[in-house]
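Just below is one structure, and these are the notes that go with it.
Residue numbers (this note's numbering), protein chains in the order written: chain A, 1 to 98; chain B, 99 to 1095.
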């Protein structure tokens, strides 16, 4: 069972308290009704699903109930970091060489 | 009286404390502290089981958890019959009853042993080849026979009467294994004051110190040192010592699962003790000190009872005081078996000969054995064991061939070397590395905050192991908590050192031979099987494993994996690391379902939610149905009524007079704040800004893809306050959906969401008499049609308590939903019930609710929709705000597929024969005479007998349904095809006049 740090509660809590909510940093278009079919497809259906580092949303559903973002490595299943919803994608990850 | 093979003066058990037990109905006497294995061996019993495939007689291979052969059934009573218990692990208690498995009619004469004679049929992969022809025979002939013959042991057929406990624990340092290394690590960590947990699978700590007779630590016997050290640890407040506790799984971020066997060793555990306790431990650092497991020699008939690991025989002697024979042969490829021979010889047991594969080994143990007068044969091999139910001889040959000599023996001790137990390290996702010099896999790259010490790390020798472990324990504590201890490192005065040995088949069982030289005892895999698998094209060790089932039995190949790998590598002509090791997976040893399930069974399996009126409904004889976690009243049968009669009566009574229905389970969410209306505009398809305070609207919620996600009536209590209802099952996900958008997409909106499902009990009063029933109890609300029209909400009091009174209808009749604080739910229900009685009202359940709403064509999300239905498909286009510029799903609704012609649309169906009720889920076709497979154009979503219509009614999703009004369609069923007519969805009161009736 993973330990996940909630950036709002500021502590590590067991995975059971959380629920994954899919890929992060996919913003809903402000004028969504005007989106082309292709753009809507990209926004709603297409996900990166890479091997390695992923940016994903989690909700501390059995805790503070806040949504937040996490960086996780799908190979090692390790959380690199977590940060609050609305904060930009981190430019540099902790421990990254570049 | 001592059993025949109990050696006086040997072992650590108090011989005065006897325990009687039975095996296959025969009574025996053992000693307290024995395992079932040591007690049977003390009585000269080696034959304890039959093998899985060939039904070969089997005895004890080991003295520990790695045991592949000695699996027995322990019977406590009618319900407690535990199969596949390793006799080497089961502690003896007075009155223990054990039975052998896998034999019929008896252990000594087993009919299934014909498989051994017919073994050419059952070689590797026989399943895939032998039973392929004729095709029909698999299902009718082979499979039933194989299923009857297969399987290990017999599972109990009654519910498990025991209970199982569970604990979560946290510590800085978790030490897995309580041998010399584990104890040293635990001491070092404990002295710093950090929280330490140390666990060992045995009843007593000490690991190999149980048999290593020469070990001396801190000036005392090694085993005595271990007991003293554990006693010291036990009294420390920061240390938890767990014996009989197996770490079975190593999970992410140092989360380790352990099972403690709490009472399997007790004569009468009593109800207050759990049988087992599951420990889920989160540790900052883990020290793995799991030791090593001795390997057997792979030679012909190496499975005969009496042939066992040298260390096992030594454990039985030095710990339990039991000799495994009187005239013992030894077959080895390393030094450690010599120590066993020496200990036995000193205890007065004859050692017939030591056969050593090595050409000219030298060392102190060899000198000592020679000095004791034991015959030693270098460069020779045991090519076969004689005897059947018990080994009677060993045939010895020069290892490169030559004259054969048969030596009579009653036991053979074997040692091919030691395999580091890297199971838990590997489970932690660490990568093992092959040491070419010592021919073993040892921990290589670590993936988690753990460290391996001692024999499991490939560290040879007691002194080196203790030194390494003590340093690792201190380091782990320091890394976890920055603490440093002041204790003294244990000093090893004397200890043994074994390493090296051999892997793979011994001479006489090598390439070209077909003898039964077992690699995996539990799954009956021989060296020949593994070579055959390679010859048949299995070139990956993962394929070899699955084709032969080597290492796939309940012992997970603890003794067999390395031999199997070496034989495959030799056959492939590749070095071992290129062939690779199979993956180690949890559990390390079998874990009972009980310990995983713990208390979560029966009534505690899943939470049950009951509404405020549950007790009242039960007292009225209601039949309940499960809806999610809720228990909902399904129908209220009167004496002599079946379900149909009750539902028919309830349906008619509601439309004629009135009915009371508990609607409390519907989800309720309060949406509050200055931007509440804006938020509602975005989350629902309908317009909300202009909804007046005190009015209600039926709302539809979509997903972004345009499909219906949920629906419900929403009341506006104030400009900044909405009372939103959801479907019963949808409540949690609707709340999650709303929170998601509020927190992440529309965080600028000043809105607060609160789940109020359980705060308000909801009593629906529906029917022409509904207002007459409620009005006398209500204060402060004008309930006239002018003041309170259909789809309005008022706040006031009922029976003196606050209410949110909705005028709304899920039946098509004049109707109200009385919301009261849940604590008053039952009292208000009873008051309404008493009023209702004056007007001939009935209580009704969910079934009647379903029928009444279907008569009106009201949909149920999740029944009439399935996640691919748009508002237009469901005939609800009117609920989508045409002037709105944004709401969740607005873009999805214009996707090409969603606006295409010919989509499935919700329509009504009337069967041509009004008495026939369609089956929900039944498929619909346009032409019943077409060829199979027919083109299915839709399916029935809801179908009921409607007593109010005196006929059956149904709703269905049908392609282009609204263009087919009046058409005849067909529902093919097993008993014939049913003709139906496509109709509108409203079967009762099409004009909706009864809402004000």
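No residue lacks a Cβ here, since even glycine has one placed at the ideal position from N, Cα and C.
Remark: C-beta atoms of residue 112 of chain B and residue 414 of chain B do not approach each other more closely than 8 Å. Annotation: residue 582 of chain B to residue 290 of chain B spans about 5 Å, alpha carbon to alpha carbon.
Residue 657 of chain B and residue 165 of chain B have their C-alpha atoms roughly 8 Å apart. Look at residue 733 of chain B here: in three-state DSSP terms it is strand. Cβ neighbours of residue 387 of chain B within its own chain (closer than 7 Å, five residues either side excluded): 273, 274, 275, 277, 279, 280, 283, 551, 552, 554 and 567. In the DSSP assignment, residue 808 of chain B falls within the beta strand (DSSP E) that extends over 806 to 816. Residue 315 of chain B counts as buried, since at least 16 other C-beta atoms from the protein chains shown sit within 10 angstroms of its C-beta. Taking all protein chains shown into account, residue 983 of chain B has fewer than 16 neighbouring C-beta atoms within 10 Å of its C-beta and is therefore exposed. Under the Cβ distance rule, residue 37 of chain A counts among the residues neighbouring chain B, one pair being separated by less than 8 Å. Taking all protein chains in view, the Cβ of residue 114 of chain B is surrounded by fewer than 16 other Cβ atoms within 10 Å, so the residue is classified as exposed.
Counting only Cβ-Cβ distances below 9 Å, residue 52 of chain A has no contacts in chain B at all, with the closest Cβ about 15 Å away. A check of alpha carbon separations from residue 642 of chain B across B:615, B:706 and B:670 identifies B:670 as the nearest. The C-beta of residue 16 of chain A comes no closer than 8 Å to any C-beta of chain B. Taking 8 Å as the cut-off, the beta carbon of residue 57 of chain A is found closer than this to the beta carbon of residue 22 of chain A. Residue contact with chain B for residue 46 of chain A: absent (no Cβ-Cβ distance below 8 Å to any residue of chain B). Straight through space, the alpha carbons of residue 457 of chain B and residue 399 of chain B are spaced by roughly 24 Å. A check of alpha carbon separations from residue 187 of chain B across B:167, B:175, B:179 and B:795 identifies B:167 as the nearest. Here the stretch 785 to 795 of chain B makes contact with the stretch 809 to 823 of chain B; the two share three or more CB pairs at distances below 8 Å. Using beta-carbon distances, residue 33 of chain A counts as an interface residue toward chain B, with a partner under 8 Å.
According to the DSSP assignment, residue 630 of chain B belongs to no beta strand (DSSP E) but to the alpha helix (DSSP H) extending over 625 to 633.
Against chain A, the CB of residue 408 of chain B has no partner CB under 8 Å away; the residue lies outside that interface. For the stretch 2 to 13 of chain A, the set of positions with a beta-carbon nearer than 7 Å to some beta-carbon of chain B reads 2 and 3 in chain order.
The way I'd put it, the stretch 527 to 542 of chain B doesn't touch the stretch 572 to 588 of chain B; fewer than three beta-carbon pairs between them come closer than 8 Å.
In the structure shown, the three-state DSSP call for residue 496 of chain B is strand. Neighbours of residue 72 of chain A across chain B, judged by C-beta separation under 7 Å, do not exist; the nearest C-beta is about 11 Å away. Going by DSSP, residue 821 of chain B is part of the beta strand (DSSP E) stretching over 819 to 824.
For the stretch 344 to 356 of chain B, the beta-carbon criterion of a distance under 7 Å to any beta-carbon of chain A is satisfied by 349, 350, 351 and 353. Secondary structure note for residue 852 of chain B: its beta strand (DSSP E) is the uninterrupted segment 850 to 853. Chain-order list of chain A residues neighbouring residue 988 of chain B: 32 and 33, by C-beta distance under 9 Å.
Taken atom to atom, the span from the alpha-carbon of residue 473 of chain B to that of residue 512 of chain B is near 16 Å.
If the five residues before and after residue 125 of chain B are omitted, its C-beta is found closer than 8 Å to the C-beta atoms of 118 and 119, all from its own chain and listed in chain order. Across the stretch 828 to 842 of chain B, CB contacts with chain A closer than 8 Å involve 834, 837, 838, 841 and 842, in sequence order along the chain.
Counting the other CB atoms within 10 Å of its CB gives residue 356 of chain B a total of 16 or more, which places it among the buried residues. Within the stretch 800 to 812 of chain B, those residues whose Cβ lies closer than 8 Å to any Cβ of chain A are, in chain order, 802 and 803.
Looking at the DSSP output, residue 1003 of chain B shares a beta bridge with B:1056. The beta carbon of residue 176 of chain B lies closer than 7 Å to those of 256 in the same chain, with the five residues before and after it left out.
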